[in-house]
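Using our numbering, read the sequence shown as starting at 3 and increasing by one per residue.
Glycine included, every Cβ here is placed at the ideal spot set by N, Cα and C.
Source: prediction; values computed, not measured.
What follows is one structure encoded as structure tokens, with my remarks underneath.
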Amino acid sequence: MSDKALRVLRFLQNSGEPLHRGGIYAAKAGTAGAKADEYRRDGRERVMWHASSSQRSISQTDMPLMLSLIHRMIESFDLNLAGLNLVVPAASGYMAAAATIALLGGAQSVTAVTRPSNRYYSAQEAADITHSLAALARVDGRLSMRERIDHQTCTNTNLLFNSEPIRPITRSIIERLPRHAVIATMREAWMVLPDDLDIKAAREHQVPVAAVNQSHALVGGADFQPALLLRMFEAAGISVDRAVIALICDNPLAYHLQRGLREAGAQVVVFQSPDVVFTHPWDAIVLAQRPADKARLDIGALGKLAKASAGVAIIQYWGDIDRKAARYFGLKVWPPRSPGKGQMGMPLEMLGPEPMLRLTAGAFKAAELVLAGQPLDPEGLAQRLNGDEAAPEGP
3 MSDKALRVLR FLQNSGEPLH RGGIYAAKAG TAGAKADEYR RDGRERVMWH ASSSQRSISQ
63 TDMPLMLSLI HRMIESFDLN LAGLNLVVPA ASGYMAAAAT IALLGGAQSV TAVTRPSNRY
123 YSAQEAADIT HSLAALARVD GRLSMRERID HQTCTNTNLL FNSEPIRPIT RSIIERLPRH
183 AVIATMREAW MVLPDDLDIK AAREHQVPVA AVNQSHALVG GADFQPALLL RMFEAAGISV
243 DRAVIALICD NPLAYHLQRG LREAGAQVVV FQSPDVVFTH PWDAIVLAQR PADKARLDIG
303 ALGKLAKASA GVAIIQYWGD IDRKAARYFG LKVWPPRSPG KGQMGMPLEM LGPEPMLRLT
363 AGAFKAAELV LAGQPLDPEG LAQRLNGDEA APEGP
């Protein structure tokens, strides 16, 4: 096993999840398929096939570990949100930590926003878990819950967190923000989508948008990006060891995803577009492209892939897929159900709490730096979105 594989394995062990839920980097051939069989036997595979339902609720027994991780993140990122009023999501999963991270990071107040309940989500449960974690940290006195962002909340908000259910951040919200305000996103600048926020309105009202360098050592994207892809292979029942994989990726994700697959034993060829994937008996094709207005793998692209490798399995890391067209051509897609337009094929929470908490704390720190007007190092943690990155791209 390489030194890099050992480091990623330790990263997954330290995430608070059982090793079998993420240690595919060290897996031998066939382990992924055996694990998928286990998911099918006990019903977990069905849960993993929908992004909303796959986000496990935090239990009371999880909270001491969560709080320990939160304290570690605040120290690692040297987070200082003193004097700021924040709006963050309320959640039942690991994103419930956002409010407590902000409060322990010195925020003057935090408003946590729920979204309407549905079959996969309970607004009351999200509010209860978010509040319970803050109460355990003894900072719940500065936390309030809302079902939506009202006008009064907007006018007092210095840091608005761009995540469900707060996303999309519309013009009507942006124009009510105070002068000393920033929008924080968990994405890198190039990853921000037009549906995330009204970037034109943000420019007009001089509200900066802070993005986070996921590859920064403190955030750990170099580890969690490939780890998430390998978890997808595991859930799909496809062995990575000695597999021959086509990676369709035209963006900075390519480096880490390719490296992770190769270190797990795969042979990988990277293609900028599905149009140039050559004929070969691929074991799998991975799509990792920034979502656009239309599906990245539409009927035309899928027809070409079917000719290149009949019946091949397609793993949706990022970028939308026309599943109806895929079925027409006899192509298997994982996850079988769409995770939602513009969503990742599997949520980051499936790797355990630490990657999500690192990314959340990193987003807060990036926003802190951007709001302070500090010069930004191109290789540093914080990025400032200027709008060009969020322009729609062609398929």
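Exposure of residue i, with buried meaning 16 or more beta-carbon neighbours within 10 Å
i	result
D322	buried
S94	buried
K367	buried
G382	exposed
D80	exposed
T281	exposed
D198	buried
T172	exposed
S165	buried
Q385	buried
Q318	buried
N160	buried
Q291	buried
R244	exposed
I225	With the sequence shown as reference, residue 225 is identified as Asp, and Ile is not the correct amino acid for it. Label assigned to D225: buried.
Y122	exposed
H218	buried
D324	buried
A374	exposed
A369	buried
A36	With a pLDDT of 37 at A36, under the threshold of 50, the predicted position of this residue should be treated as unreliable, though the coordinate-derived value follows. With fewer than 16 Cβ atoms within 10 Å of its Cβ, A36 is classed as exposed.
M3	Model confidence at M3 stands at a pLDDT of 44, short of 50, so the residue's coordinates are unreliable; what they give is reported in the following sentence. By the 10 Å Cβ count, M3 comes out exposed.
R150	exposed
E236	buried
A312	exposed
G107	buried
A29	For A29, the pLDDT reaches just 33, beneath the cut-off of 50, and the residue's location in the model is therefore unreliable, although a value from the coordinates is still provided. Buried.
H153	exposed
Proximity below 7 angstroms, CB of residue i to CB of residue j
i	j	result
V194	L387	yes
V242	W284	no
T438	A137	Residue 438 falls outside the range modelled here, since the chain spans only 3 to 397, and no answer is possible.
V272	A310	no
I60	I131	yes
L259	P293	no
A203	I168	no
R178	C156	yes
T102	A139	yes
L162	V246	no
A109	T116	no
I287	A327	no
V184	R360	no
R189	M352	no
L231	P276	no
M75	L135	no
Q274	D252	yes
A92	A129	yes
W320	M346	yes
A256	A365	no
L289	I240	no
R205	G389	yes
Span of the alpha helix (DSSP H) around residue i
i	result
V278	Segment: none, V278 is in no alpha helix (DSSP H) and carries neither H nor E.
M68	65-79
P380	Note, P380: premise wrong, no alpha helix (DSSP H); not H, not E.
R1	Past the edges of the chain, shown from 3 to 397, lies residue 1, and the structure says nothing about it.
Limits of the beta strand (DSSP E) - the one that residue i falls within
i	result
T113	111-115
Y96	Per DSSP, Y96 belongs to no beta strand (DSSP E) and is neither H nor E.
R58	Segment: none, R58 is in no beta strand (DSSP E) and carries neither H nor E.
A384	384-386
N87	87-91
May I ask you to verify whether the stretch 352-371 touches the stretch 141-153, counting CB pairs closer than 8 angstroms and requiring at least 3? They do not touch, by the three-pair rule.
Is the number of C-beta pairs between the stretch 58-72 and the stretch 326-341 that are closer than 8 angstroms three or more? With a cut-off of 8 angstroms, the stretch 326-341 and the stretch 58-72 do not count as touching, because too few Cβ pairs lie within range.
Which complete beta strand (DSSP E) runs does the stretch 137-220 hold, if anything under 3 residues is left out? As far as the stretch 137-220 is concerned, its whole beta strand (DSSP E) runs of at least 3 residues are 145-148, 161-164, 184-187, 211-214.
If you pair each beta-carbon of the stretch 296-309 with each one of the stretch 262-272, do three or more pairs fall below 8 angstroms? Cβ pair count under 8 angstroms is below three, so no.
Can you list, in chain order, the stretches of the beta strand (DSSP E) that have 3 or more residues and sit fully within the stretch 306-360? If we require 3 residues or more, the beta strand (DSSP E) runs fully inside the stretch 306-360 come out as 315-320, 334-336.
Counting beta carbon pairs with one atom in the stretch 177-197 and one in the stretch 208-217, are three or more of them shorter than 8 angstroms? Yes, the stretch 208-217 is in contact with the stretch 177-197.
Sufficient close CB pairs (3 or more, under 8 angstroms) joining the stretch 81-91 to the stretch 333-343: Output reads no: the stretch 333-343 does not touch the stretch 81-91.
Beta strand (DSSP E) runs contained entirely in the stretch 227-298, provided each spans 3 or more residues: List check, beta strand (DSSP E) in window: 246-250, 269-273, 286-290.
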